[in-house]
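Asker: The sequence shown lines up with residues 0 to 469 when you count with numbering that gives the first Met the number 0.
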Amino acid sequence: MKPIRDRELHEECGVFGIFGVPEAATLTYYGLHALQHRGQEGAGIVSVDGGLFRRIKGEGLVTEVFKPEPLHALTGNMAIGHVRYSTTGGGGIENVQPFLFRHCSGDFALAHNGNIVNSAQLRTFLENRGSLFQSSSDSEILAHLIKKETRQPNRPRIYSIIEALNMLEGAFAFLVMTANRIYACRDKYGLRPLSIARLGEGYVVSSETCAFDVLGAEFVRDVEPGEIVTIDRHGLRSTDYSMFKRHEMCAMEYIYFARPDSDIEGCNVHAFRKESGRLLYAESPVDADIVVGVPDSSLSAAMGYAEASGIPYEMGLVKNKYIGRTFIQPSQELRERGVRMKLSAVRSIVSGRRVVLVDDSVVRGTTSRRIVAMLREAGAREVHLRIASPPIKSPCFYGVDISTYEELLCARKNLAEVRECIGCDTLAFLSPEALFRAGGRSELCLACFTGRYPTALYQRVEEANKDGKF
């Protein structure tokens, strides 16, 4: 797992695919650019033209990996792409997707968003049967599972995909591209989003609907949990690989990861966050002069809090959008300076005011502590921190880079201790029940808040609990 950096939480990737549209790779580039917030460590595109697979991938941002000239080599009307943050398997160019596999029964490529919790068991199972892995990513396991059965090499590939998906446990949205079609697959728990849109005579698949707007594609529907959608010259065809179906969408998709202009399972992300801010005020009101949101993912919740409370919303914090994606801080002094480079308080707005500071979550608490201190230095009389999510008390094993209890401030401290650590005047979190109300949902994955995981975890709990205290 990667160490937590910057704004404390990272989702590990986004997937994008196009079928039946000219210059598919170029359009995939624009789609990946729209999904850049989901992964900034690596990117890749695989295209197919006349049965010939071509790939470009590299470490860095989409604009760094794909220069205009190399994109011209990715010809064809079908392509899949991927942006990545590393979780299981770590970083390195060998783990950048999409993966491309050459096989006598036909080449294929795949891209994955999520985390397979039984990856260690499956890797051992496959290696004992002769599989040789090219990467340390759990995503590669699906390809080997698809090809593990050799007794019926000529049967349609979808049967092998169904068998393979039923061996996986965890969170995933997979795109599998062959010479003639794309298979869009989603885990049976519905933990990761995946949607389909129409573009001209073809189709687009994306982790988030915000990428459709960039291309002018028209949303068709979400891929359902436990479903494989085959996209080819016949259009869309649906196959259920599992009868066990839940809609346990990761709550952090709404709270933090997704862009506010995306719709996830029929609910707009901005609307969810704004309603969560209203509910946060209803649960935890406070007498103050202004409401300030932490840019960018907390702004919608801050607007909702201000609207419900009648307290004016002000831009008391400004984010510098031109800071690079990483900032190496070898000392505490430079770490503090790095926060100030990315975020600054507007002294004329906050000075002498009682501030309600709205943020989306608290992980280690280091960023919250620095922001509170920054507001006090700018002259804020009081800082009342309101968090538009419950306390994160448990690790996530489904693709969010919080893997141990040790890195979670709220795992070992009560509310008063957390408030003292952060240094705010008062502190309150949103209740888990409010998240269901904010999205009008009856199901959500709240495992990082409640410790109740929707899947079996295999070896993951032992990895997270190295000190034996939980």
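The beta-carbon is built from N, C-alpha and C at its ideal position, and this holds for glycine as well.
Small disclaimer: the values here were computed from a predicted structure and weren't measured.
#1: Can you look up Val-213 in the DSSP assignment and give me helix, strand or coil?
#2: Sort out for me which residues DSSP pairs Phe-100 with in a bridge.
#3: Closest to Ala-301 by CA distance: which of Val-291, Gly-57 and Asp-231 is it?
#4: With a threshold of 8 Å, are at least 3 pairs of Cβ atoms found where one atom belongs to the segment 157–164 and the other to the segment 415–435?
#5: Does the pairing of the segment 251–268 with the segment 194–211 give three or more beta-carbon distances under 8 Å?
#6: Give the C-beta separation of Val-361 and Leu-408 to the nearest angstrom, bearing in mind that I take them to be a contact with Cβ-Cβ under 8 Å.
#7: Mind listing, in chain order, the continuous beta strand (DSSP E) runs of no fewer than 3 residues lying wholly within the segment 139–194?
#8: Give every residue of the same chain whose Cβ lies closer than 6 Å to the Cβ of Lys-56, excluding the five residues on either side of it in the sequence, and list them in chain order.
#9: Using the Cα positions of Leu-298 and Ala-178, report the straight-line distance between them to the nearest angstrom.
#10: Please state if the CB of His-32 and the CB of Arg-258 are separated by a distance shorter than 8 Å.
#11: Tell me the DSSP bridge mates of Tyr-312?
#12: When the Cα atoms are used, what is the spatial distance from Gly-450 to Gly-19?
#13: According to the Cβ coordinates, are Phe-474 and Pro-389 closer than 8 Å?
#14: Do Leu-530 and Leu-109 have their C-beta atoms within less than 8 Å of each other?
#15: If you pair each beta-carbon of the segment 438–457 with each one of the segment 246–258, do three or more pairs fall below 8 Å?
#16: Can you have a look at Leu-434 and say buried or exposed, based on whether 16 or more other CB atoms are within 10 angstroms of its CB?
#17: How would you call Met-176, buried or exposed, if buried means at least 16 neighbouring beta carbons within 10 angstroms?
#18: Is it the case that the Cβ atoms of His-111 and Phe-65 are separated by a distance below 8 Å?
#19: According to DSSP, is Lys-56 part of a helix, a strand, or is it coil?
Answerer: To lay it out plainly:
#1: Of the three classes helix, strand and coil, the one that applies to Val-213 here is helix, per DSSP.
#2: Partner residues in the beta bridge of Phe-100, as assigned by DSSP, are Phe-107.
#3: Taking only the C-alpha atoms, the option nearest Ala-301 is Val-291.
#4: Fewer than three Cβ pairs drawn from the segment 157–164 and the segment 415–435 lie within less than 8 Å of each other, which leaves the two stretches out of contact.
#5: Output reads yes: the segment 194–211 touches the segment 251–268.
#6: By a beta-carbon distance limit of 8 Å, Val-361 contacts Leu-408. Their separation comes to about 6 Å.
#7: Here the runs fully enclosed are 169–176 and 181–185.
#8: So the qualifying residues of the chain are Gly-43 and Val-95.
#9: Take the alpha-carbon of Leu-298 and the one of Ala-178: they are about 44 Å apart.
#10: The beta carbons of Arg-258 and His-32 sit no closer together than 8 Å.
#11: Residue pairing from DSSP places Tyr-312 in a beta bridge opposite Val-290.
#12: Approximately 43 Å, taken between the alpha carbons.
#13: Here the chain comprises residues numbered 0 to 469, so residue 474 is not present and cannot be evaluated.
#14: With the chain covering only 0 through 469, there is no way to say anything about residue 530.
#15: Contact between the segment 438–457 and the segment 246–258 is present, because at least three Cβ pairs lie under 8 Å.
#16: Leu-434 comes out buried.
#17: By the Cβ neighbour-count rule, Met-176 is buried, with 16 or more other Cβ atoms within 10 Å of its own.
#18: Taking C-beta atoms as the reference points, His-111 and Phe-65 fail to come closer than 8 Å.
#19: Three-state result, Lys-56: strand.
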